[in-house]
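Colleague: Which chain is which? The protein sequence lines are V and Z, in order. For this note's numbering, add 156 to where a residue sits in the first sequence, where the first one is 1. For this note's numbering, add 658 to where a residue sits in the second sequence, where the first one is 1.
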Amino acid sequence: MNHWLTILTLVPFLGGILVAGLGSERKNLVRSLSLATSLLGLGGAACMWLHFNAAEGGLQFVEKFAWVPSLGIDYYLGVDGLGALMVLLTAMVTPLAILASWNVEDRPHVFHALVLWLQAGLFGTFTALNFFHWFLFWELGLIPAFFLIKLWGGPRRGPAATQFFIYTMVGSVALLLSFIALRLATGSFDFIELAGLAKSGVLTAKLQAAFGWKNIALIVFFGAFLGFAVKVPVIPFHTWLPAAYSEAPSPVTMLLTGVMSKMGVYGFLRILLPIFPDQIRQVLTPLLWLAVATIVLSACAAFAQKDLKRMLAYSSINHLGYCLLAMFAATAVVTGVNHSDLQKAAALDGALLQMFNHGLTASALFLFLSLLEKRTGGLRGLDDFGGIRKVVPVFTGLMGISLFSSLGLPGLNGFVGEFLIFKGVFPLAPWAAAISTIGILVTAIFLLTLIQRVFCGPLNERWAKLPDLTTAERLLVLPSIALMFVLGIWPQFILGVVDATVVKLVQQLNF
Amino acid sequence: MIWIVKNLWLIPALPLVAAGIISVNKQPKRKLAASLAIGSMAVGFLLSLCAFAATLGHGGGEHGAFREVFSFPWLQFGGQWMSIGWVLDPLTAVMLMMVTFVGMLIFIFSVGYMAHDVNFMRFFCFLALFASGMLGVVIANNLLLLFISWEIVGLTSYLLIGFWYHKPSAAAAAKKAFITTRIGDLGLLIGMVWLYAETGTLNFYEGGKGCLESGALAQMLTHATIGGMAVSTAIGLLIFLGAVGKSGQLPLHVWLPDAMEGPTPVSALIHAATMVAAGVFLVARVYPLMAAGALVGEHGVPVTTSLTIVTWIGALTAIFAASIAVAQNDIKRILAYSTVSQLGYMMMGLGVGGVAVGMFHLITHAFFKALLFLGSASVIHGCHEEQDIRRMGGIKKYMPITFAVYAVGMLALAGFPLFFSGFWSKDEILHAAHGWSVSQVPFYLGCAGALFTAFYMTRQVALVFFGSYRGHQEESSQGHSAHSHTSSPGHDPHESPAVMTVPLVILAGFAILLGVIGTPAWPWFETYLNGHHVEFDLGKLTAGGTLTLMVSSSLIVFTGLGLGVWLYGKRQRKTAGEQDVLEAFQPAIFKVLQNKYYIDELYEVTVIRFNAFAAWLCDFADKWIFGGAVLVVSYLTLGFAWLYRLTDEYFVNLGFDAGCDSIRGGGGFLSKLHAGRVQTYLRIIGVALVALILFLIWGRKA
């Protein structure tokens, strides 16, 4: 038994304390130390990724100690393909966000410490397997994010931060109540144990016995659903997101969209699907339509935005909508479909790939916006530019690649995930899949409109002297761009690691 | 396995590598960029010849055409591997040769045409990337790999249409092209995942297990879907939707004429010879799916619902676009509508006659249309970027080579009898349409289209090359304006350099010669594609009404040519501003044609308006319905908080306060008792003492 995952979580946590202790005077030291910590985290995550036994696919790097035995609380850590993927994504996005926030001059020690604590919260969330400390980390991620928006955000940061906090808090409270109910009924906080109970069909009966009410399982499910639905977000629980994404400083938005939005999807995959498959099936049709609505409405709303950050924020909702579609469809019990397990596996593999790809691409896009804002003094309206391709060709080219990756161009990373999702979902829920393709079309429309208005046309003379990317900035975006190509051509890099886990998950869901 | 099958991937990979190298080099290395791109195409062409030779060697006999595949595992899901790969068969080989050869000539031409452009390097990078995607489409043995290449082709088309991105019209046209074709691609995507779900594979041919082979087809025929339609038909139509988008068929044709905003070599390569033909190629590739479960017609040509729809769309597009071309004045737009129309013929050929008929026209069209576009590029170059045919005229005198090759292209397109390839390929389509068992209407539509084609090409050539040059008139009439410098003698049209004219001459040669391989007497092309032996038989020229049909189609062509000469050749317009002959004759119809039947306007008020409305609605719903619900909840919370405070202050606190007051009162009273003043204490003690004594004295009596 090793302590790899505990150490991995402790690194950013302690690093954050250290950084905070340096004070606001030694700015460059603060930044370098924060970067070094995040790189250490990246190295640790990469080691874990390389040592992960992909063929086995089950939980690995497990740590389990009795903590509060009387309450059924263990300290229980472990990752499977899903957890490993999310830890890797977190470890990759954080250094980028730290580099992008190099120019934060206002209390940099607090800023960087908060970013590192946020990372620690994310690491903890993606590795914890007992509800008790999982929930602590889940909330620990929320608090730094709140302060980062509240203290360093844009002009309307106050309401945005409050809205973000209250929304997420309401979801968390619902989630907590649901798990207390589960704990009362089963005596366990352990995700794996609960999933086992669900698979054997005992869970619903136990809940009914404990509360003496037939529909209690569905209520408990809705509580947990709300907690994750707010985080993903699922329409109509999403209105905090555009405000939070656009008011947060861009490096924080990178973390919000790149990793924090994945917490919700992760929760669905790790907790909701294995523990409540019966309940999901009971309300499957409305859930599928909710996913379709999330995909289509958010894409349409993005088309109406005039602020680039808000546009990309809605686009983010749209992309995670495909994950929702895949997850809900994968719980369906269908007859008359060839190899339905294979289709479910394809959908879930696609969802996992989409999570990683979206984290990569969306964080890169917000990174480009932060570079743009740095040059324009915060101006980022759709109509504020025009023809800047002429003065910033490298910026245009690289951001263009990211935009095309976002609209799912084959050859770049975004495509394979979406293809697998549609491939898997279509046989399971044909109409939902067919209508969701509208989202793909509208995404193309608004992203190309963005390119047309911002980069093409006659040059807006105001930006005649806009400087192109410096060498350092090019190096900063290069890894993301390179990875977009690599994953577009060789998706097996991720699929090879997560597929065995997905097969296990599908077996878990089938009974 | 033959080495060329194993290494077929090299053909698309070479231009891809060339594009990669060009993209990472700094700007002014023009020679490197051009030679890399052209070199990759030249090597690709040689490899294609090898591939072609390989398919020849095994052709014939009873075993059908040569076909070998190569597959490799690409990705894994659900514990299974998905493999992709490529196929070498006559269809691939023919397309490979055409794309690499025409592409190479167009690349060479571009060296001259783009010589003065600052973004010369980027242009060649995009061209090479395009070639790579197109060749990928051609060799793919897997619908997913085909789709990936197909989208890369779409991307490069987008980049090249918007190459002069500083022009708002170019940027808009690029966007329109990408989005319109993407509408079709969604159909293709759904068709693809459906096909995958039904057959469990996307490989076309896989030793009997592929999705285009009999086992899978039979399985799909037994399943019925909405309206009793066989699944194979539904999938075939969805895939066809992709082809409709890419090949500019009705109703998704609107992007193609606008795509002429790109540099003219791009129009020649992408929007005439290759990319737009990819849709036709796709239908040819999945032809077994389209033809599955056919009731075989009288000439051995399969008739199915999908193929019938392909035929009708093609025939309608052919006549529709040809009629628009009659009323256009932009030299490139005429050719663009002509392309749409010819693509319609190809689709119709596939529908009524099978793969060989459609593909033959695709190949001949690629040569003569590339020739026409490059010829028009040469004209535009010579006339100082003028594209309006009303301001040309008499160019024959200034550009003799261009005129000669353009005339060849024009006659090939018009279908001038016997000597030009276009005649043979178009005639084959009309012949097949004549024998089609479902309806004769497509045949008549095709004949009418042929008449229009001959007419608008004559009109164009007459206006551009004959008469006298009208380019100066405008300038001299507004000579004092900014254009005054162009009226100097140095600005007569001039012939293009050899780097541009040599490719034109080569293309012209093929525009004539290619007809030989597909005449009824020696139908080599058809037998090659189908894997039969070819026999030379002059008798077939006259058998089965072939001769009658040839004569009548020739008559149609001559009528069109004659009308054109009569209306535009004899009576040359004198000035650029003069009204068109047809406009004077039928102003209303001419206006409808000139405005392309107002299809763009129709889409503007329906689709685009609807899209904007949907966006507005979603945004509104977000702000006021979802956001409003949040506001209501938050105000409710605030309201409750306020109410709570009120009850606190006026009910809870009131009782509490009263209690407090009484306690405080009591305390105050008590505190007065021990104020610390000794006199008071003594007084109270005195009074108490007196009272006690009085009590002791009188109290006992009671």
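We put the CB at the ideal spot given by N, CA and C, even for glycine.
Excluding the five sequence neighbours on either side, which residues of its own chain have a C-beta within less than 6 angstroms of the C-beta of serine 768/Z, listed in chain order?
Modeller: Reading the second sequence from its first residue, position 110 is the one you call residue 768/Z. Result list for serine 768/Z: Pro923, in chain order.
Colleague: Rank Gly903/Z, Ala876/Z, Ser905/Z, Lys904/Z by C-alpha distance to the C-alpha of threonine 891/Z and give the top, closest one.
Modeller: Position 233 of the second sequence, counted from the start, is the residue given in the question as residue 891/Z. Ranking Gly903/Z, Ala876/Z, Ser905/Z, Lys904/Z by Cα distance to threonine 891/Z puts Ala876/Z first.
Colleague: Tell me which residues share the same chain as valine 889/Z and place their Cβ nearer than 8 angstroms to its Cβ, disregarding the 5 neighbours each side in the sequence.
Modeller: Numbered from its first residue, the second sequence carries residue 889/Z at position 231. If we look at valine 889/Z and ignore the five residues flanking it on each side, its Cβ neighbours are Trp852, Glu856, Met878, Leu879, His881, Ala882, Thr883.
Colleague: Can you give me the Cβ contacts of methionine 248/V inside the same chain, cut-off strictly under 7 angstroms, excluding the 5 residues immediately before and after it?
Modeller: Within the first sequence, numbered from 1, the residue matching residue 248/V stands at position 92. Hits under 7 angstroms: Leu198.
Colleague: Tell me the rounded alpha-carbon separation between leucine 509/V and tyrosine 1255/Z.
Modeller: Counted from its first residue, the first sequence places residue 509/V at position 353. Counted from its first residue, the second sequence places residue 1255/Z at position 597. Rounded to whole angstroms, leucine 509/V to tyrosine 1255/Z spans 46 angstroms at the Cα level.
Colleague: Which of the three DSSP states, helix, strand or coil, is assigned to glutamate 181/V?
Modeller: Translated into the one-based positions of the first sequence, residue 181/V becomes position 25. In the structure shown, glutamate 181/V sits in coil (DSSP, three-state: anything other than H, G, I, E or B).
Colleague: Would glutamate 871/Z pass as an interface residue toward chain V - the criterion being a Cβ-Cβ separation below 7 angstroms?
Modeller: In the second sequence, residue 871/Z corresponds to position 213, counting from 1. With 7 angstroms as the cut-off, glutamate 871/Z does not count as an interface residue toward chain V.
Colleague: Would you say valine 912/Z and aspartate 1195/Z are within 7 angstroms of each other, going by their C-beta atoms?
Modeller: Position 254 of the second sequence, counted from the first residue, corresponds to residue 912/Z. Position 537 of the second sequence, counted from the first residue, corresponds to residue 1195/Z. No.
Colleague: Give the interface partners of asparagine 1269/Z over in chain V, defined as CB-CB distance under 9 angstroms, in chain order.
Modeller: For this step, residue 1269/Z is matched to residue 611 along the second sequence. Cys456, Phe459, Val598, Ile601, listed in chain order.
Colleague: Bridge partners for threonine 1177/Z per DSSP, in chain order?
Modeller: Locating residue 1177/Z in the second sequence gives position 519, counting from the first residue. Answer is Trp1180/Z.
Colleague: Given alanine 503/V, which residues of its chain have a CB within under 6 angstroms of its CB, disregarding the five upstream and five downstream residues?
Modeller: On the first sequence, residue 503/V is found 347 positions in, with the first residue counted as 1. For alanine 503/V, where only same-chain residues beyond five positions count, the Cβ hits under 6 angstroms are Ala482, Ala485, Ala486, Ile577, Gly580, Val581.
Colleague: Alpha helix (DSSP H) containing serine 741/Z: first to last residue?
Modeller: Within the second sequence, the letter at position 83 stands for residue 741/Z. Premise fails: serine 741/Z lies in the beta strand (DSSP E), 738-746, not in any alpha helix (DSSP H).
Colleague: Compute the distance between the beta-carbons of isoleucine 1214/Z and leucine 1103/Z, then report whether it is under 7 angstroms.
Modeller: On the second sequence, residue 1214/Z is found 556 positions in, with the first residue counted as 1. On the second sequence, residue 1103/Z is found 445 positions in, with the first residue counted as 1. Contact flag unset, no.
Colleague: Among residues of its own chain, excluding the 5 on either side of serine 807/Z, which ones have a beta-carbon nearer than 7 angstroms to its beta-carbon?
Modeller: On the second sequence, position 149 is the one that residue 807/Z refers to. So the list reads Gly791, Gly794, Val795, Ala798, once near-sequence residues are dropped.
Colleague: Shorter than 7 angstroms from the beta carbon of valine 578/V to some beta carbon of chain Z?
Modeller: Taking the first sequence and counting its residues from 1, one reaches residue 578/V at position 422. Before going further, note that residue 578/V is phenylalanine rather than valine in the sequence given. Phenylalanine 578/V counts as touching chain Z.
Colleague: Along the chain, where does the alpha helix (DSSP H) containing serine 1329/Z start, and where does it finish?
Modeller: If you number the second sequence from 1, residue 1329/Z lands on position 671. First-last of the alpha helix (DSSP H) with serine 1329/Z: 1311-1331.
Colleague: Given this structure, state the Cα-to-Cα distance separating glycine 1317/Z from leucine 1289/Z, to the nearest angstrom.
Modeller: By 1-based counting over the second sequence, the position of residue 1317/Z is 659. By 1-based counting over the second sequence, the position of residue 1289/Z is 631. Whole-angstrom Cα-Cα distance: 40 angstroms.
Colleague: Around the Cβ of aspartate 1301/Z, are there at least 16 other Cβ atoms within 10 angstroms (buried) or fewer (exposed)?
Modeller: Your numbering for residue 1301/Z matches position 643 in the second sequence. First, the residue type needs correcting, since residue 1301/Z is leucine and not aspartate in the sequence shown. That one is exposed.
Colleague: Who are glutamate 675/V's beta bridge partners in DSSP?
Modeller: It is not possible to answer for residue 675/V, since the shown part of chain V is limited to 157 through 667.
Colleague: State yes or no: is the C-beta of histidine 268/V within less than 7 angstroms of the C-beta of serine 180/V?
Modeller: In the first sequence, residue 268/V corresponds to position 112, counting from 1. In the first sequence, residue 180/V corresponds to position 24, counting from 1. Result no, Cβ atoms of histidine 268/V and serine 180/V do not sit closer than 7 angstroms.
Colleague: Which class does tryptophan 308/V belong to by DSSP, given the choice of helix, strand or coil?
Modeller: Locating residue 308/V in the first sequence gives position 152, counting from the first residue. Helix at tryptophan 308/V.
Colleague: In chain V, which residues lie with their C-beta within 8 angstroms of the C-beta of glutamate 1184/Z?
Modeller: By 1-based counting over the second sequence, the position of residue 1184/Z is 526. What glutamate 1184/Z touches in chain V: nothing, since even the nearest Cβ is about 34 angstroms away.
Colleague: Buried or exposed, going by whether 16 or more other CB atoms sit within 10 Å of the CB of threonine 627/V?
Modeller: If you number the first sequence from 1, residue 627/V lands on position 471. The residue is exposed, with fewer than 16 neighbouring Cβ atoms inside 10 Å.
Colleague: Check this for me: beta carbons of proline 300/V and leucine 270/V, under 7 angstroms apart or not?
Modeller: Locating residue 300/V in the first sequence gives position 144, counting from the first residue. Locating residue 270/V in the first sequence gives position 114, counting from the first residue. Yes, the pair counts as a contact, with Cβ atoms nearer than the cut-off.
Colleague: Identify each residue in the region 486-505 of chain V for which the Cβ-Cβ distance to at least one residue of chain Z is less than 8 angstroms, and report them in chain order.
Modeller: Answer in chain order: Val493, Asn494, His495, Asp497, Leu498, Gln499, Lys500, Ala501, Ala502, Asp505.
Colleague: Buried or exposed for isoleucine 669/Z, please, with buried defined as at least 16 other CB atoms from any protein chain shown within 10 angstroms of its CB.
Modeller: On the second sequence, position 11 is the one that residue 669/Z refers to. The residue is buried, with at least 16 neighbouring Cβ atoms inside 10 Å.
Colleague: For a cutoff of 7 angstroms on Cβ pairs, would you count glutamate 1262/Z as touching chain V?
Modeller: On the second sequence, position 604 is the one that residue 1262/Z refers to. Not an interface residue.
Colleague: What span of residues does the beta strand (DSSP E) with proline 1151/Z cover, start to end?
Modeller: By one-based count along the second sequence, residue 1151/Z stands at place 493. Element bounds for proline 1151/Z: n/a, residue is neither H nor E.
Colleague: Report yes or no: is there a C-beta of chain V within less than 7 angstroms of the C-beta of leucine 844/Z?
Modeller: Counted from its first residue, the second sequence places residue 844/Z at position 186. Closer than 7 angstroms to some Cβ of chain V, the Cβ of leucine 844/Z qualifies, so yes.
Colleague: Quick one, which of His475/V, Ile451/V, Arg339/V, Asp262/V has its alpha-carbon nearest phenylalanine 288/V's?
Modeller: Against the first sequence, residue 288/V aligns to sequence position 132. With distances taken between Cα atoms, phenylalanine 288/V lies closest to Arg339/V.
Colleague: When DSSP labels each residue in this structure, what does asparagine 800/Z get in the three-state scheme?
Modeller: Locating residue 800/Z in the second sequence gives position 142, where the first residue counts as 1. Reduced to three states, the DSSP call for asparagine 800/Z is strand.
Colleague: Counting Cβ pairs, one atom from each stretch, are 3 or more of them under 8 angstroms apart for the region 1273-1286 of chain Z and the region 455-475 of chain V?
Modeller: Output reads yes: the region 455-475 of chain V touches the region 1273-1286 of chain Z.
Colleague: Can the beta-carbon of threonine 997/Z be found less than 7 angstroms from the beta-carbon of isoleucine 1059/Z?
Modeller: Position 339 of the second sequence, counted from the start, is the residue given in the question as residue 997/Z. Position 401 of the second sequence, counted from the start, is the residue given in the question as residue 1059/Z. No, these two residues do not count as a Cβ contact at 7 angstroms.
Colleague: Among His394/V, Arg545/V, Ile427/V, Asp539/V, whose alpha-carbon lies nearest the alpha-carbon of serine 471/V?
Modeller: Translated into the one-based positions of the first sequence, residue 471/V becomes position 315. Of His394/V, Arg545/V, Ile427/V, Asp539/V, the residue nearest in Cα terms is His394/V.
Colleague: I need the straight-line Cα distance from leucine 597/V to leucine 298/V, nearest angstrom please.
Modeller: Within the first sequence, residue 597/V is the residue found at index 441, counting from 1. Within the first sequence, residue 298/V is the residue found at index 142, counting from 1. Looking at the two C-alpha atoms, the distance is approximately 34 angstroms.
Colleague: Excluding the 5 residues flanking arginine 437/V on each side, which residues of the same chain have their C-beta closer than 8 angstroms to its C-beta?
Modeller: Here residue 437/V refers to the residue found at position 281 when the first sequence is read from its first residue. Excluding residues within five positions, the ones whose Cβ falls inside 8 angstroms are Thr487, Ala488, Val489.
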